[in-house]
Amino acid sequence: MSEIVIRHIEASDAEALRDIMSHPGVYHDTLQIPHPSMAMWHERVAVKPGRRHLVACLDGRVVGHMALDIMENPRRSHVSYLWHRRGGRYARARRRKQADDRDDQPVRQLAAR
């Protein structure tokens, strides 16, 4: 069985990410605009301060993507459809409420039950 390799994103991964993110099963659960151009995907994978991209590869093919952003006002979140109905939404809402109560402290961890 092949092993999944996690690596930093490369500019050449933009097309694979566009294909993954435009799949109806994936696109439905994102905040993405429909049918983004390749130019937009190249912009998304470009190196930017405070942002890190990782991709998961299987047999040399990109099969997953993760972006880590350091945000000054972290109010947006998402849980994969594979993990829906497991308490993540409740945990995120609770953590956001705590962050609102202590707005000077950044949100560092979201835990699901």
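Here numbering that gives the first Met the number 0 is used: the sequence shown runs in plain steps of one and ends on residue 112. All C-beta atoms, glycine included, are put in the ideal place defined by N, C-alpha and C.
By Cβ distance below 6 Å, which residues in the same chain neighbour ILE119 in space, the five residues on each side in sequence not counted?
Because the chain spans 0 through 112 in this model, residue 119 falls outside it and cannot be assessed.
Does DSSP put SER11 in a helix, in a strand, or in coil?
Position 12 of the sequence shown, counted from the first residue, corresponds to residue 11. In the structure shown, SER11 sits in a helix (DSSP, three-state: H, G or I).
Roughly how far, in whole angstroms, is the beta-carbon of ALA10 from the beta-carbon of HIS41, given that I think they are within contact range, below 8 Å?
Stepping through the sequence shown from its first residue, residue 10 is reached at position 11. Stepping through the sequence shown from its first residue, residue 41 is reached at position 42. Their Cβ separation, rounded to whole angstroms, is 7 Å, which keeps ALA10 and HIS41 in contact under 8 Å.
So the candidates are ALA66, ARG94, MET39, ARG60; which of them puts its Cα closest to the Cα of SER1?
In the sequence shown, the residue the question calls residue 1 occupies position 2. Ranking the options by Cα distance to SER1, first place goes to ARG60.
Roughly how many whole angstroms lie between the Cα atoms of ILE3 and MET39?
What you label residue 3 is simply residue 4 of the sequence shown in a count that begins at 1. What you label residue 39 is simply residue 40 of the sequence shown in a count that begins at 1. Spanning the two alpha carbons is a distance of roughly 27 Å.
Which same chain residues end up closer than 6 Å to ARG51 when comparing Cβ atoms and leaving out the 5 residues on each side of it in sequence?
Here residue 51 is taken as the residue at index 52 of the sequence shown, counted from 1. Correct list, in chain order: LEU67.
CB-CB under 7 Å to GLN31, same chain, minus the five flanking residues each way: which ones, in chain order?
For the purposes of this step, residue 31 is identified with residue 32 of the sequence shown, where counting begins at 1. Hits under 7 Å: MET20.
Smallest Cα separation from PRO33: which of ARG17, HIS64, VAL46, ASP58?
Your numbering for residue 33 matches position 34 in the sequence shown. Considering only alpha carbons, the answer is ARG17.
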